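Some notes on the structure that comes next.
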Amino acid sequence: MKARQERPDRRVAARVLVSLVVGTMLMAPPAASAGTQSASEVTFTRDVLPILQRACQQCHRPGSVAPMSLLTYEEVRPWARAIRDKTAQREMPPWYIERNVGVRAFKEDASLTDDEIATIGAWVDAGASRGNPADAPPPLELASLDEWRIGTPEWIVELPETQTIGAVDADHWLDVWADSRLTEDRYIKAVETKPSPDAYRVVHHVATSMRWEEEDGEEGGGFLNEYAMGKNGDIFPDGTGRLIKAGTQIRFNMHYSSVGEEIRDRTRVGFKLYPKGVVPDRVLISRHVGDSFDTLDIKAGADNVRSDGYYVLPEPTQVTGFQPHMHIRGERMCVEAIQPNGTIETLSCSGHNFGWHIVYNYADDAAPLLPAGTILHVIGWHNNTASNRYNPDPKNWVGFGNRSIDDMSFAWMSFFHLPDDVFEQKLTERKRLRSN
Ligand code: HEC
Numbered sequence: 253m254k255a256r257q258e259r260p261d262r263r264v265a266a267r268v269l270v271s272l273v274v275g276t277m278l279m280a281p282p283a284a285s286a287g288t289q290s291a292s293e294v295t296f297t298r299d300v301l302p303i304l305q306r307a308c309q310q311c312h313r314p315g316s317v318a319p320m321s322l323l324t325y326e327e328v329r330p331w332a333r334a335i336r337d338k339t340a341q342r343e344m345p346p347w348y349i350e351r352n353v354g355v356r357a358f359k360e361d362a363s364l365t366d367d368e369i370a371t372i373g374a375w376v377d378a379g380a381s382r383g384n385p386a387d388a389p390p391p392l393e394l395a396s397l398d399e400w401r402i403g404t405p406e407w408i409v410e411l412p413e414t415q416t417i418g419a420v421d422a423d424h425w426l427d428v429w430a431d432s433r434l435t436e437d438r439y440i441k442a443v444e445t446k447p448s449p450d451a452y453r454v455v456h457h458v459a460t461s462m463r464w465e466e467e468d469g470e471e472g473g474g475f476l477n478e479y480a481m482g483k484n485g486d487i488f489p490d491g492t493g494r495l496i497k498a499g500t501q502i503r504f505n506m507h508y509s510s511v512g513e514e515i516r517d518r519t520r521v522g523f524k525l526y527p528k529g530v531v532p533d534r535v536l537i538s539r540h541v542g543d544s545f546d547t548l549d550i551k552a553g554a555d556n557v558r559s560d561g562y563y564v565l566p567e568p569t570q571v572t573g574f575q576p577h578m579h580i581r582g583e584r585m586c587v588e589a590i591q592p593n594g595t596i597e598t599l600s601c602s603g604h605n606f607g608w609h610i611v612y613n614y615a616d617d618a619a620p621l622l623p624a625g626t627i628l629h630v631i632g633w634h635n636n637t638a639s640n641r642y643n644p645d646p647k648n649w650v651g652f653g654n655r656s657i658d659d660m661s662f663a664w665m666s667f668f669h670l671p672d673d674v675f676e677q678k679l680t681e682r683k684r685l686r687s688n
């Protein structure tokens, strides 16, 4: 694995663009012969709208955090070039997993295929025509923003105080702690984070996590849930659940952006719980993996600064999710699995954009199965140059620390352990699926 030179996806996107441009130049009139599809045949109603419905409209709709609605041709047309560029660069939809590396199947993956990006590009380059209205798929039925996707929660924890987001505040990030008020240990079946009903426009994203004190005085807890418009909350598979302890403190990591109007928010996190006393068969764990507390050493003006961290899985494990955690200067992270037999496999690599904190949940039949003793190796790369658009000051050395102007490098990995026999069974089943 090497430091970022050129991301595979960017390269593909660039090649698609180049071939489109060259293609358009070569494709001089008269029009292409029957049977070949010329770029001018790509239309909004038939080719582009279905892509926007699948990958954009959850966010780009009235009342949401996205700056414009993309439901109709009239709304989309003025943004055509911006849409071509943001999709070609894979900045939109926000999904920074390198799609050609490691695990390929995720839950709620809105990312575009290379073909979809090429279709959008060809449509824009040919003049962004509407096409035949009869070709349009029916409008998407978008669930109300206020609806809890996990069902009515039994337990809700709110921000301790209402936050006021001024009409013209700069984007801001803050950590707020709230008391869960739980007086007994329980297991979580489903969890979802939601802004106040009129605050969807200003809550860019929220990451929630838990903290409690273990009997030995150590800190326990872990990652809970990520909110971004269009995310559905986490409903854990039957028989799996996550512990929340009596006295847990909940951290809300908020990112607010102003919308020209003062808005008040009291984001909350809702839980569905297993009945009191019930312990699910598989306890989901989310933990920091690969922290580089002492080794993070990011020199002023340096790019591609690498740091490494490790964690040994004590038991056979199914990994369910990956979220890079870095601050402003973080640019890319990979996690690989080094098995006791020497096999080394990259699980995922992802770009990191401080504007978004995205959790990548693996599809159940692609979630890595790793034997006891496997080392998870997390590699982070930071960019402390001015080419990082979030960098407030490339002239300063940066090390590990809690403030966002300090930096970090670790992955939140979510997983559960399995008894040996169940693990072996799952491995066999996986091999059978693969060989079909
Ligand atoms: C998870 C929510 C989400 C999804 C999904 C999403 N967007 Fe966005 N989009 C945003 C937000 C929020 C912004 C504002 C900039 C930012 O925060 O990155 C944005 C910005 C943009 C911009 C730049 C607007 C400007 O002011 O210049 C374009 C263009 C865009 N999105 C197009 C798309 C397209 C096309 C898709 C689907 C292929 C898509 N987006 C999917 C949330 C989303």
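Numbering (the working numbering), first residue to last: 253 to 688.
The C-beta atom is built at its ideal place from N, Cα and C for all residues, glycine as well.
Just so you know, these numbers come straight off a predicted model, no measurement behind them.
Pull up the CB-CB distance for Gly474 and Ile402, whole angstroms please, since I reckon it's below 8 Å.
Here residue 474 corresponds to residue number 222 of the sequence shown, with the count starting at 1. Here residue 402 corresponds to residue number 150 of the sequence shown, with the count starting at 1. Contact flag wrong, Cβ pair sits at about 19 Å.
As a quick exercise: from Val428, Ser544, Lys446, Val300, pick the residue whose alpha carbon is nearest that of Asn384.
For the purposes of this step, residue 384 is identified with residue 132 of the sequence shown, where counting begins at 1. Per the Cα distances, Val300.
His604 CB to nearest heavy atom of the ligand HEC below 7 Å
Residue numbering aside, residue 604 sits at position 352 when the sequence shown is read from its first letter. No, Cβ of His604 sits at least 7 Å from all heavy atoms of the ligand HEC.
For the segment 641-649 against the segment 513-523, do three or more pairs of beta-carbon atoms, one drawn from each stretch, fall closer than 8 Å, so that the two count as touching?
no
Jot down the residue ranges of each uninterrupted beta strand (DSSP E) in the segment 618-649, minimum 3 residues, whole runs only, in chain order.
627-634
Between His507 and Glu478, which are expected to be in contact by the criterion C-beta below 8 Å, what is the C-beta distance as a whole number of angstroms?
For this step, residue 507 is matched to residue 255 along the sequence shown. For this step, residue 478 is matched to residue 226 along the sequence shown. His507 to Glu478, Cβ: 11 Å. No contact.
Quick one: is the Cβ of Ala334 within less than 7 Å of any heavy atom of the ligand HEC?
In the sequence shown, counting from the first residue as 1, residue 334 sits at position 82. Within 7 Å of the C-beta of Ala334 there is at least one heavy atom belonging to the ligand HEC.
In terms of alpha-carbon separation, which member of Tyr612, Gly573, Met578, Leu621 lies closest to Ile590?
Taking the first residue of the sequence shown as 1, we reach residue 590 at position 338. Ranking the options by Cα distance to Ile590, first place goes to Leu621.
Excluding the five sequence neighbours on either side, which residues of its own chain have a C-beta within less than 6 Å of the C-beta of Glu567, listed in chain order?
For the purposes of this step, residue 567 is taken as the residue at position 315 of the sequence shown. If we look at Glu567 and ignore the five residues flanking it on each side, its Cβ neighbours are Ala624, His669.
Which residues in the same chain as Arg336 place their Cβ atom closer than 7 Å to its Cβ, once the five residues preceding and following it in sequence are excluded?
Your numbering for residue 336 matches position 84 in the sequence shown. Answer for Arg336: Ile372, Gly373, Val376, listed in chain order.
Spatial neighbours of Glu368 within its chain, please: C-beta separation below 6 Å, excluding the five flanking residues on both sides.
Residue mapping note: residue 368 aligns to position 116 of the sequence shown, counting from 1. Excluding five sequence positions before and after Glu368, the CB atoms of its chain that fall closer than 6 Å to its own CB belong to Ile303, given in chain order.
Since Gly632 contacts Ser510 with CB under 8 Å, what's their CB separation in whole angstroms?
On the sequence shown, position 380 is the one that residue 632 refers to. On the sequence shown, position 258 is the one that residue 510 refers to. Going by Cβ atoms, the distance from Gly632 to Ser510 rounds to 31 Å, so no, they are not a contact pair.
Beta strand (DSSP E) runs wholly inside the segment 511-578, at least 3 long, in chain order
Scanning the segment 511-578 for uninterrupted beta strand (DSSP E) segments of 3 residues or longer gives 515-517, 520-525, 534-541, 557-564, 569-578, listed from N- to C-terminal end.
Bridge partners - Phe475, DSSP secondary structure assignment:
Within the sequence shown, numbered from 1, the residue matching residue 475 stands at position 223. Partner(s): Ser461.
Separation of Glu676 from Asn688, as counted between CA atoms
Counting from 1 along the sequence shown, the entry for residue 688 is found at position 436. Counting from 1 along the sequence shown, the entry for residue 676 is found at position 424. Their backbone Cα atoms lie some 19 Å apart in a straight line.
By the 10 Å Cβ neighbour count, where 16 or more other Cβ atoms means buried, how is Trp429 classified, buried or exposed?
The residue given as residue 429 occupies position 177 in the sequence shown. Its Cβ having fewer than 16 others within 10 Å, Trp429 is exposed.
Could you round the C-beta distance between Val571 and Phe667 to whole angstroms and report it? I think they count as a contact, below 8 Å.
The residue labelled residue 571 in the question sits at position 319 within the sequence shown. The residue labelled residue 667 in the question sits at position 415 within the sequence shown. Between Phe667 and Val571 the Cβ distance is about 5 Å, and since that is below 8 Å, they are a contact.
For a test of the three-state rule: what should DSSP assign to Ser687, helix, strand or coil?
Residue 687 sits at position 435 when you count from the first residue of the sequence shown. Three-state result, Ser687: helix.
Taking 8 Å as the CB-CB limit, is Thr460 close to chain C?
No chain C appears in this structure, which consists of one protein chain only.
In chain order, what residues of the same chain have a beta carbon less than 7 Å from the beta carbon of Tyr526, not counting five sequence neighbours either side?
One-based indexing of the sequence shown puts residue 526 at position 274. Closer than 7 Å at the Cβ level, and outside the excluded window around Tyr526, lie Arg438, Tyr439, Lys441, Gly493, Pro532.
The beta strand (DSSP E) spanning Gln305 covers which residue range?
As a first step, residue 305 is located in the sequence shown; it is residue number 53 there, counting from the start. Taken as a continuous stretch (DSSP letters only), Gln305 belongs to no beta strand (DSSP E), being part of the alpha helix (DSSP H) at 301-307.
Limits of the beta strand (DSSP E) - the one that Ala663 falls within
As a position in the sequence shown, residue 663 is number 411, starting the count at 1. Run containing Ala663: 661-669, per the beta strand (DSSP E) assignment.
Option nearest Leu323 by Cα separation, candidates Tyr612, Leu392, Ala340, Asn640
The count along the sequence shown starts at 1 and reaches residue 323 at position 71. Ranking Tyr612, Leu392, Ala340, Asn640 by CA distance to the CA of Leu323 puts Leu392 first.
Through-space distance from Thr595 to Glu327, alpha-carbon basis
In the sequence shown, counting from the first residue as 1, residue 327 sits at position 75. In the sequence shown, counting from the first residue as 1, residue 595 sits at position 343. Roughly 51 Å separates the two Cα atoms.
With DSSP as the reference, label Arg581 as helix, strand or coil.
Position 329 of the sequence shown, counted from the start, is the residue given in the question as residue 581. The answer is coil: DSSP assigns Arg581 none of H, G, I, E or B.
If I follow the unbroken beta strand (DSSP E) through Arg329, where does it start and stop?
Along the sequence shown, one-based indexing puts residue 329 at 77. Per DSSP, Arg329 belongs to no beta strand (DSSP E) and is neither H nor E.
Rounded separation between Asn635 and Asp549 - CA only
Residue numbering aside, residue 635 sits at position 383 when the sequence shown is read from its first letter. Residue numbering aside, residue 549 sits at position 297 when the sequence shown is read from its first letter. Cα to Cα, the separation comes out at about 12 Å.
For Leu495, list the residues DSSP reports as bridge partners.
On the sequence shown, residue 495 is found 243 positions in, with the first residue counted as 1. Answer is Tyr439.
Val317: CB within 7 Å of a non-hydrogen atom of the ligand HEC:
Counting from 1 along the sequence shown, the entry for residue 317 is found at position 65. It does: the Cβ of Val317 is within 7 Å (strictly closer) of some heavy atom of the ligand HEC.
Near Asp427, what residues of its chain come up, given a Cβ to Cβ distance below 8 Å and the 5 sequence neighbours on each side ignored?
To locate residue 427, count along the sequence shown from 1; it is residue 175. Correct list, in chain order: Arg503, Phe504, Asn505, Met506.
If I measure Cβ to Cβ from Gly287 and keep anything under 6 Å in the same chain, skipping five residues before and after, which residues do I get?
On the sequence shown, residue 287 is found 35 positions in, with the first residue counted as 1. Low local confidence applies: a pLDDT of 37 at Gly287 is under 50, so the model's placement there is unreliable, with the coordinate-based value given in what follows. So the list is empty, once near-sequence residues are dropped.
CB Tyr562 to CB His629, shorter than 8 Å?
For the purposes of this step, residue 562 is taken as residue 310 along the sequence shown, with counting starting at 1. For the purposes of this step, residue 629 is taken as residue 377 along the sequence shown, with counting starting at 1. Against a cut-off of 8 Å, the Cβ pair of His629 and Tyr562 comes out as a contact.
Which word fits Gly522, buried or exposed, when buried means at least 16 other C-beta atoms lie within 10 angstroms of its C-beta?
Against the sequence shown, residue 522 aligns to sequence position 270. Buried is the call here.
To the nearest angstrom, report how far apart Gly653 and Met660 are at their CA atoms.
Within the sequence shown, numbered from 1, the residue matching residue 653 stands at position 401. Within the sequence shown, numbered from 1, the residue matching residue 660 stands at position 408. So the two alpha carbons sit approximately 7 Å from each other.
Between which two residues does the beta strand (DSSP E) carrying Ala430 extend?
Against the sequence shown, residue 430 aligns to sequence position 178. Looking at the DSSP string, the run of the beta strand (DSSP E) that includes Ala430 is 424-431.
Tell me whether Ser639 is buried or exposed, calling it buried when 16 or more other Cβ atoms sit within 10 Å of its Cβ.
The sequence position of residue 639 within the sequence shown is 387, counting from 1. Exposed, by the Cβ-count rule.
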